[in-house]
Structure formats: C-alpha cells, structure tokens
Ligand SMILES: Cc1ncc(C[n+]2csc(CCOP(=O)(O)OP(=O)(O)O)c2C)c(N)n1
C-alpha cells in the first residue's frame, strides 16, 4: 500500500506500538510534533498532495507508521478523508500545501461540515513573516475555512503546534462531529522544539451534554406513548452516535414505524416491516405520506434539511415534535420542537426506552402505513425492448452483494436511484454527499471507504458528469490496487438538471446534455483499471459479476435509458404529501 | 397504475408558520422582532471578532451594534451585541454564538440592564459657547477645540445620543463616531465571578 509499509496484523501491530512507545524518538521539530499528535490520536491514513509549505510535515511523516495516500487532486483528499470518517466513525485526515492546495480542499471540508462528518485538514502556510504579504502560494486559509469548520486553527508556535493538532483532532470527533483545520506556517513546522503534544483533548470551552434532562425525557415519552400516529424519524446523527442498535431495539419494542432521512439510510434495516425507508424530495411515497400525517414525531439526529422537509408550512403539520440532538443549536432551527431533548442519540434512546409508560396504541396507523406501501410501491417499468434501466442495474447489484457492502455515489439522478433501489440494512454502508450535494464526490470517497473497510465490498454508483469531475482519482485506486467497482449510470447528460429543465423550464435543455463524453471503459483501461461497457439488460448480471471478480478497480460504463427520470418527486419547497409519481402529476401541483 | 394522484390523498388540516411552529390554520401567526442585548465572554485572541461577525452575517442575523473590549482577565474579552430579531431568531443567535469554540459564555441581559454608548462629535469652531451649552444639556463636554472645530464627547443611552446628534446638527457637523453599546446587568449580578 502506498509509499509506506502495509498495515501489520493486529497482534503484530500491538507489539509494534508497545515497542515503539519505548523507542519513539523524541520530537525535535514542530513538524514532528504534528505527526506525533496524529499518531497519538490513532490516525491510520493521511490523504494528501505534497507541496512547498507542507513539505516539512511530509518529511516528518517519512519516519511514521501512518500510511500516506497520495491523491491526484486535493479535493479528492478531502472527500477520501470524509468517507474514511463516515465508515470508521473516526476523523479522516487530509493534507494539502498552502494556497491552491488549501483552496482545493475547501469543497471537501464544506461537504464534511454540512454532513457532520469527522475530519481534520492540515494545510501548509507560507512562513509567518510572509503571512499577510500576498507571498507566493499564500491564501488566508483560516479566513476561508472558518465558516465551514467547527474551528480553524492558525499555528503560531513550534512548541504548541502539536497541541493544536491534538485539540483539532479531538474536536472533530467530539459531540456533533465535523471538520477542523490547522494551518501550519512553514517556519513553525520547521522550527525546533522538544515539546511532546498533549493527548487529544477538546478545548475547555467545548461542552457536550450526553444525557437529556430526565423530566423532559419523561414528558416526551408520555407524549409518544399517547400518540395515535407515531413515527420515528432517524437522521444521520443516529449513525454518527452509533445508536443504530438502540434505535432498532426501541422501534421494535414499541412497534413504531421508522422513516429515515437520506443521511440516516442504514440506521434502520429497510427490509424490516416497520421500515418506511426514507422521506424527502425523492423519498418513498409511503414515507412521505406517513410524515405528512403523523401526530407525533420522534426525530433523532436530524437537522430538518429542506430536501427532507419541503416547505416547512406543510411539514408534519399535525405532529408534536420530539427532537433529540447533541447540538442545542439544531433545536427549533427549522422545525419547532415541542419536546427538545439535548444529548447523545444512544444515551437519550436508552433514557426514552426506560421512560416509555407503554407502547402507543397504533395498530390502525401501522395498517395505514402498510396500505400506503401497497399503494405507492417503489417500482419502475421495464418493457422488453426498452433500453437499459438504471434502477434495474442498482437492484441487481444489491441482490448479489453481502449486506455490509458499502455504496458510494456522486450527485444527481444516479445518487437517488442508488438510494432508492439498493436495500440498506447496516449503518455506515451508505456514503454520499447530502448537504452540499457535491458532484465528483464518488470516485475519491470510494477510495477512502475501501481503505477504511478493506474487508467490505465497495461499489460506487456515479453519473457521467460527476465521474468526470474527479476521474483522475482512478489513478490512485489503480496504484493502491483497491478492489472497487465503479458503475457509471451513463445518460450522456447532467441528468438531474435535465430532469428539472424538462419539468420546470419547458424542456429548454441549456448546457445539460453531454454527447461528447469519453468512452469510460476505455478511459478506465488507460488508467490501468478494468473497463466494461454495458448496454443490454440481459448482460447486467454477467457484467456485474465480472467486475466484482476482477481484483482491483473496475469501471462499468452502463449506457442507460436517457429518458429515465427520478420519481417520486416533491418539487422544491413543496408539500411532502403531494409527491409526483410521474411527469403528469407535476402539472397538478 | 399506483395509488391516488396528489390531490386525492389523505391530508391533515394543520399548518406551520415560516419558523416551523405549528399554528392554527385560521390564525395568522407571526413573531415581531424585538431587541436583545447579548453579552459574550470570549477568548482574547486574534480572529475571534471575525469568527463572531462572520457567524452573524452568514446567518443573516441583523446586528445593531457590536462592541468588544478587554476584561480584568487579560485572556478574556467581553462582547456586547445588540440584535433585533423575532424570538426564534434571538434564540438561534444565542445558541450559534455559544457553539463557537472561542466563546466561553453567552447571556442575554435583562431589558433594564445598563447600556451606554459613547459618541465623539466634531463641529465647526465658529460658536464654541453655543456648542458647549448644547453639550451640557446632554451631560457632555468639549474635549478638543481649535480655531476651526470643537469636538464633543457624549455618553449615554442610544436614544440620548441620537437626540444629541440631532441637536448638534444646528452647527456644522464635520464628523461623528459612535461606539455602539456596552452593557452590564444592574445590581450585584455578574456573568462570571472570576471576570
Ligand atoms: C460540483 C457541482 N456542480 C454542479 C452541481 C449541480 N448539479 C446537481 S445534480 C447535477 C447533474 C449530475 O449529473 P451526473 O453526474 O451525470 O448524474 P445524473 O444526474 O445524470 O445521474 C448537477 C450538474 C452539483 N451538484 N455539484
């Protein structure tokens, strides 16, 4: 793997770290202190690109057991680190040099920030005496990233730089997870110091409340138990808090239907009878019916994003809302919480479990939910002579892979099909860009995911537009020999945009059709990956099998029906209960 | 063909207002903006002001004024922030502010808290006695004078300073600078006994 030695087997590693602790060379520079801080925090991988201002840190990395993965673009470094964070639950680490290196990281940092993914970015900076002078490759990285991180640090002393990194690492992981950044002027990392960094601890001003107030929990439990039409809305925070098991126990014990948000996919098994899958703009019809008609919603670890709520005026308009979140600022930000419960999702679920006086009396409601499932099934039409259907490709792939297979995506229609037609049953198996909606996320995210979980199968559904944005990442997947299957649902268009143009701009397809895209199977081969071209429905299974069998990255260029659109659909800002099931419905709304 | 078309589906009666609060569908409910004085203790280090002001602009909170100064602890500064927002906005502002890592604590002061603002007003020097007389009416004083100008210092509530500025318009006002409000709770109450 990469330039450094591969990760040793577990007990060997144990021995090595013990031996290392005795023999670890003392810190002599700021850069070494930075690397020591990463080691102390348990960092396993760093994703990055070299450069002048970060070079001292790379030099210190030369003597470390941390594996550096050289990326083809810093945006890829930040997405790979982000995906690593999603899959492992621990902060992913990315490096970039000053100026353009740092600005290239920005998209991935903003992405991690919107999705509360744990990540730490370390950026080189021009020497302190040049800072502010528009020196070569200087940018105000702290200024640029402050609004998109939990905190951006500017290291100002070689003695404290290691501590800055320790603190930033701990902060990325604590409470509501998210990205942090440390900007590292070159003289600070080159400067001499013998100060060992402190163990990772959060800043003294950062306070996290783990358990909710008992009386509040009781009041919320009483309200939920008294409900006629209860639902649980499970967000990404449930996965982040490792609360999926607690959620399952709670929902099954009290027989409450569960809807997830899109980032919450995997927090509850979609094959369970209580599951209504996910709600929102392209969520299932039954989830959107239930969310519209519920009278009591237990919402956990969700920030009520507008892609979920549609227009707030029509969101769960009859529901009392119990909102569980570790971040007090999320309470009543978008949707008013009748019962705010601030705390860690797993802890609060346990508290609620104990406080419930009884299960809600909701037989009729569950029957109603079942009726909606029958009325609005997730389906697609596949006449014999029609071109390849993207849904069929996703469904077929889902059927043949193990339950813990990790799915990554780009952003667009393919992302929606991958979330609708794959059956998710496990947390941390759905790796996608939600809040920021970053095209180009898929290629590098799959790299981060595969390194995070080498024993799990990784598949990336991508769009032709998204794939082209970060295609250079294929070189990394090839170099690291990562067994990833990329499936491009190729409609020769930025399809999601085209769908909106057809629906809301009278079919004026300005700049959305890409008839000049490359032959992706050949492109894959040029990178040294395995390439497949898929056109017929009959070949789907065989091609998927061949790509899965290939030991290394493979790319299936699947030429799908370009006329296929994503349904159900709630128009932007619309009413979740009024989702369209087909184009004609859009005109009624 | 799958289930009922959009307009034929089961629908509840209720509605939320733009702030996500459930409301009576018959009644129009809006929250009127009110003024709030937030007092924040923050780590006294570079970049904190940018972080706080960035937060307010990014989230489109309407800041009336923001003042910063040191406290008796050299590592801690105190900010006084006046905002005008509907109730849910004020609540959000407090929570978002509290979330920033360099922020130690955030408190909303009681409406009757002491609020003072300082203004320096420079007017033409033709009628120094008249300027002095007006300054005295507002408990102010001339702090600098030359043949061409007189500069007056006024301290007090925003209303008082507004009124003073208005009164000085009869002279040739050359420049005005105002600090924005600094505020403290009345009585023995403090934010933090150590500070
Ligand atoms: C970086 C970036 N630029 C632009 C967009 C706007 N956008 C959203 S979806 C989409 C279409 C994506 O096309 P493609 O990756 O081919 O996927 P498809 O929708 O065709 O499946 C575009 C352009 C975006 N989300 N991200």
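Chains as they are written, first to last, in my numbering: chain A, 2 to 590; chain B, 3 to 197. Quick reminder that beta carbons are idealized off the backbone N, C-alpha and C, glycines included.
Integer-rounded CB distance, given that residue 358 of chain A should sit under 8 Å from residue 226 of chain A
5 Å between Cβ atoms; contact.
State yes or no: is the beta carbon of residue 589 of chain A nearer than 9 Å to at least one beta carbon in chain B?
Closer than 9 Å: yes.
Say the cut is 8 Å; is the CB of residue 577 of chain A nearer than that to a heavy atom of ligand 1?
Not under cutoff, so the answer is no.
In this structure, does DSSP put residue 88 of chain B in helix, strand or coil?
Of the three classes helix, strand and coil, the one that applies to residue 88 of chain B here is strand, per DSSP.
If contact means a Cβ-Cβ distance below 9 Å, which residues of the segment 138-153 of chain B contact chain A?
The residues in question: there are none.
With a threshold of 6 Å on Cβ separation, who are the neighbours of residue 203 of chain A within its own chain once the five nearest residues in sequence on each side are excluded?
Same-chain partners within the cutoff: 171, 172, 175.
Using a Cβ-Cβ distance cut-off of 9 Å, determine whether residue 109 of chain B contacts chain A.
It does not: the Cβ of residue 109 of chain B has no partner Cβ on chain A nearer than 9 Å.
Beta bridge counterpart(s) of residue 68 of chain B as assigned by DSSP
In the DSSP output, where bridge partners are listed per residue, residue 68 of chain B has B:83.
If distances are taken between C-alpha atoms only, which option among B:143, B:78, B:96, B:87 comes closest to residue 66 of chain B?
Nearest of B:143, B:78, B:96, B:87 to residue 66 of chain B, Cα basis: B:87.
Neighbour list for residue 70 of chain B in chain A, Cβ cutoff strictly below 9 Å
None at all; the shortest Cβ gap to chain A is about 17 Å.
Quick check on residue 80 of chain A: does DSSP put it in helix, strand or coil?
For residue 80 of chain A, the secondary structure class from DSSP, reduced to helix, strand or coil, is helix.
With burial defined as no fewer than 16 other Cβ atoms inside 10 Å of the residue's Cβ, what is the status of residue 282 of chain A: buried or exposed?
Of the other Cβ atoms in all chains shown, 16 or more fall within 10 Å of the Cβ of residue 282 of chain A; this residue is therefore buried.
Integer-rounded CB distance, given that residue 429 of chain A should sit under 8 Å from residue 87 of chain A
About 6 Å separates the two Cβ atoms, so the contact holds.
In chain A, which residues lie less than 8 Å from residue 190 of chain B when you measure between Cβ atoms?
By Cβ distance, chain A contributes nothing, its closest Cβ being about 25 Å from residue 190 of chain B, past 8 Å.
Beta-carbon within less than 7 Å of residue 186 of chain A's beta-carbon, same chain only, minus the 5 sequence neighbours each way: which residues are those?
Shown here for residue 186 of chain A: same chain residues with a beta carbon closer than 7 Å to its own, the five before and five after excluded, namely 126, 127, 128, 129, 132, 156 in chain order.
Mind checking whether residue 38 of chain A and residue 167 of chain A have CB atoms under 9 Å apart?
Taking C-beta atoms as the reference points, residue 38 of chain A and residue 167 of chain A count as a pair closer than 9 Å.
Inter-stretch contact at 8 Å, needing at least 3 Cβ pairs: the segment 448-456 of chain A / the segment 515-533 of chain A
The segment 515-533 of chain A and the segment 448-456 of chain A do not touch, with fewer than three beta-carbon pairs separated by less than 8 Å.
Residue ranges of each alpha helix (DSSP H) within the segment 64-116 of chain A, 4 or longer:
Fully enclosed alpha helix (DSSP H) runs of 4 or longer: 75-89, 101-116.
Let me confirm a value: residue 149 of chain A is counted as buried when at least 16 other C-beta atoms fall within 10 Å, else exposed. Which label applies?
Residue 149 of chain A is buried by the Cβ-count criterion.
Would residue 327 of chain A and residue 343 of chain A be called neighbours here (beta carbons separated by less than 9 Å)?
Result yes, Cβ atoms of residue 327 of chain A and residue 343 of chain A sit closer than 9 Å.
Determine, for residue 591 of chain A, whether the minimum Cβ-Cβ distance to residues of chain B falls below 9 Å.
The structure shown does not extend to residue 591 of chain A, since chain A spans only 2 to 590, so no value can be given for it.
Thinking C-alpha only, which one of A:311, A:444, A:260, A:290 is nearest residue 300 of chain A?
Taking only the C-alpha atoms, the option nearest residue 300 of chain A is A:260.
Bridge partners for residue 518 of chain A per DSSP, in chain order?
Beta-bridge pairing by DSSP links residue 518 of chain A to no other residue.
Look up residue 140 of chain B in the DSSP assignment and say whether it is helix, strand or coil.
Secondary structure at residue 140 of chain B: coil, using DSSP grouped into helix, strand and coil.
Residue 129 of chain A, DSSP secondary structure in three states
The answer is helix: DSSP assigns residue 129 of chain A an H, G or I state.
From residue 83 of chain B to residue 113 of chain B, what does the alpha carbon distance come to, in whole angstroms?
The alpha-carbon of residue 83 of chain B is positioned some 13 Å away from that of residue 113 of chain B.
According to DSSP, is residue 120 of chain A helix, strand or coil?
Collapsing the DSSP output to three states places residue 120 of chain A in a strand.
Using only the heavy atoms of ligand 1, determine whether one of them is closer than 8 Å to the beta carbon of residue 309 of chain A.
Not so, every heavy atom of ligand 1 lies at least 8 Å from the Cβ.
Chain A contact residues for residue 97 of chain B, given Cβ-Cβ distances below 7 Å
Going along chain A in sequence order, the residues near residue 97 of chain B (Cβ under 7 Å) are 329, 330.
Alpha carbon of residue 465 of chain A to alpha carbon of residue 441 of chain A, nearest angstrom
Taking the straight line joining both Cα atoms gives about 10 Å.
Given that residue 578 of chain A touches chain B, what residues does it touch there, using C-beta distances under 7 Å?
Neighbours of residue 578 of chain A on chain B, chain order: 11, 13.
Label residue 467 of chain A either buried or exposed according to how many other C-beta atoms from any shown protein chain fall within 10 Å of its C-beta, with 16 as the threshold for buried.
The residue in question, residue 467 of chain A, is buried, as its Cβ has 16 or more Cβ neighbours within 10 Å.
Spatial distance of residue 113 of chain A from residue 412 of chain A (CA atoms)
Taking the Cα positions, residue 113 of chain A is about 15 Å away from residue 412 of chain A.
Out of A:64, A:59, A:104, A:63, which has the shortest C-alpha to C-alpha gap to residue 76 of chain A?
Ranking the options by Cα distance to residue 76 of chain A, first place goes to A:104.
Who are the Cβ neighbours of residue 393 of chain A in its own chain at under 7 Å, not counting the five residues just before and after it?
So the qualifying residues of the chain are 383, 538, 541.
Cβ of residue 104 of chain B less than 9 Å from any chain A Cβ?
Using a CB distance cut-off of 9 Å, residue 104 of chain B counts as an interface residue toward chain A.
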